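Going by the working numbering, the sequence shown opens with residue 47, and the numbers climb by one from there.
Built from N, CA and C at the ideal position, the CB exists for glycine as well.
Treat the numbers as computed from the prediction; the structure is a model and nothing was measured.
Working notes, structure below.
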Amino acid sequence: MRFTKPLWLTHGGDKKDFEVYSCHVSPDGSRLVTAGGDGHVRIWSTDAIRNGANADYTKPKQLAAMSYHSGTIHSVRFSGNGKYLASGADDKIVCIYNLDPNPPAHTTFGSNETPPVENWRIFRRLIGHDNDVQDLGWSADSSILVSVGLDSKVVVWSGHTFEKLKTLSQHQSHVKGITFDPANKYFATASDDRTIRIFRFTSPPPNATTYDQVNNFVLEATVSVPFTTSPLTTYFRRCSWSPDGAHIAAANAVNGPVSSVAIVTRGSWESEVNLIGHEGPVEVCAFSPRLFC
Numbered sequence: 047m048r049f050t051k052p053l054w055l056t057h058g059g060d061k062k063d064f065e066v067y068s069c070h071v072s073p074d075g076s077r078l079v080t081a082g083g084d085g086h087v088r089i090w091s092t093d094a095i096r097n098g099a100n101a102d103y104t105k106p107k108q109l110a111a112m113s114y115h116s117g118t119i120h121s122v123r124f125s126g127n128g129k130y131l132a133s134g135a136d137d138k139i140v141c142i143y144n145l146d147p148n149p150p151a152h153t154t155f156g157s158n159e160t161p162p163v164e165n166w167r168i169f170r171r172l173i174g175h176d177n178d179v180q181d182l183g184w185s186a187d188s189s190i191l192v193s194v195g196l197d198s199k200v201v202v203w204s205g206h207t208f209e210k211l212k213t214l215s216q217h218q219s220h221v222k223g224i225t226f227d228p229a230n231k232y233f234a235t236a237s238d239d240r241t242i243r244i245f246r247f248t249s250p251p252p253n254a255t256t257y258d259q260v261n262n263f264v265l266e267a268t269v270s271v272p273f274t275t276s277p278l279t280t281y282f283r284r285c286s287w288s289p290d291g292a293h294i295a296a297a298n299a300v301n302g303p304v305s306s307v308a309i310v311t312r313g314s315w316e317s318e319v320n321l322i323g324h325e326g327p328v329e330v331c332a333f334s335p336r337l338f339c
């Protein structure tokens, strides 16, 4: 494992650097997308990141910057097929982008932004939340996108047409995390109602509508034991499904008086293992996408 911290990889402003709330690597590993308090989605070259200590490296570092939101951006996620990029923000909107093969236009006159190398364009604006969008997740086959937010809603969108397929309202408080089963059978959402809810689904066809998905996206199980006294002060509860599909790592769990990450077992949905080490509540956890055998 390598650790690097390029000083140029920031969300900078005229007077201060802004917080970064989300990052994600593209499926082909060539791009890192970040988002944060400056209202920009920024796409970076991972080749430039790997060469961060190389003074002779002259290729572009930032590939693009998009500012289609009117507020802080909380989540960015590439689709598994690499075709789309989604972002969700406190303006209640989910934006979908795709990469136009045509050369990008130059930056606006007077802008301090680095001229774009790639032409990422807004493709759709999805309106379905009544409050901040906190997290996003794509199914393994990219057939659906799920957004969750402070309105307690879980909204399912078609990954083909980006029509709203279903709104799930089982949670009783802010929903702050979403993760998908790599086997494409379940997704899990984490909420300030101190539960993780597991939903079963079947991948909808490209022409799916709200009407023919009424019986899809069904609540399978509710996990509450590891979270009965978890604090309600965290921005996020971003959980992660293991690449073999066997476990969910659940953020903001507790083991007695100690903060932990609960490991939830697929099928039984029980949590017998806790990862302990952080002094404060854990807001985000993520498995490595690689399986080490």
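Limits of the unbroken alpha helix (DSSP H) element including residue i
i: A94; result: 92–96
Through-space distance from residue j to residue i, alpha-carbon basis
i: F247; j: V202; result: 11 Å
i: L109; j: N165; result: 9 Å
i: I309; j: T104; result: 43 Å
i: F64; j: S219; result: 28 Å
i: D238; j: A292; result: 24 Å
i: R243; j: A332; result: 18 Å
i: R170; j: G302; result: 45 Å
i: V221; j: T241; result: 10 Å
i: K62; j: C285; result: 30 Å
i: S68; j: N97; result: 22 Å
Residue interval of the beta strand (DSSP E) (run including residue i)
i: I322; result: No beta strand (DSSP E) contains I322, which DSSP labels as neither H nor E.
i: W203; result: 200–204
i: Q218; result: That residue, Q218, is in no beta strand (DSSP E); it is neither H nor E in DSSP.
i: A391; result: Limits of the chain in this structure are 47 at one end and 339 at the other, which puts residue 391 out of reach.
i: T241; result: 241–246
i: D146; result: 139–146
i: W54; result: Taken as a continuous stretch (DSSP letters only), W54 belongs to no beta strand (DSSP E), as it is neither H nor E.
i: H120; result: 119–124
i: K210; result: 210–214
i: N371; result: For the chain, the structure presents residues 47 to 339; residue 371 sits outside this window and is missing.
i: V330; result: No beta strand (DSSP E) contains V330, which DSSP labels as neither H nor E.
i: D181; result: 179–184
Of the residues the options, the one placed nearest residue i, counting alpha carbons only
i: A229; options: W287, R167, G117, G223; result: W287
i: D84; options: S113, H293, A296; result: S113
i: V179; options: S249, A99, R123; result: R123
i: P250; options: P149, E318, N144, L191; result: L191
i: H57; options: G75, T80, D74; result: T80
i: A99; options: S133, F49, D74, L214; result: F49
i: E215; options: R167, T225, V264, D227; result: Per the sequence shown, residue 215 should be read as Ser rather than Glu. Cα-wise, what sits closest to S215 is V264.
i: W54; options: H115, P73, L145, T160; result: T160
i: G313; options: Y232, E325, Y257, N320; result: Y232
Neighbourhood of residue i by C-beta, 8 Å cutoff - its chain only, sequence neighbours within 5 removed
i: N298; result: A236, F273, S276, P277, T280, R283, S305, P327, V328, E329
i: A94; result: P52, Y103, K105, P106, K107
i: T255; result: E209, L211
Neighbourhood of residue i by C-beta, 7 Å cutoff - its chain only, sequence neighbours within 5 removed
i: V175; result: Note that residue 175 is His in the sequence shown, not Val. Only K138, S193, G195, D197, K199, V201 meet the Cβ criterion.
i: Q259; result: L211, K212, P250
i: G117; result: G85, A135, D136, D137
i: S204; result: I190, L211, P250, A254
i: L78; result: C69, V71, W90, T92, I95
Other residues of its chain near residue i: CB distance less than 6 Å, five sequence neighbours each side excluded
i: P150; result: P162, N165
i: P335; result: P289
i: T268; result: T241, R243
Exercise. Residue ranges of each beta strand (DSSP E) run of no fewer than 3 residues wholly in the stretch 64–114, ordered along the chain?
Worked result: Those beta strand (DSSP E) runs which fall completely within the stretch 64–114 and span 3+ residues are 66–71, 77–82, 87–91, 108–112.
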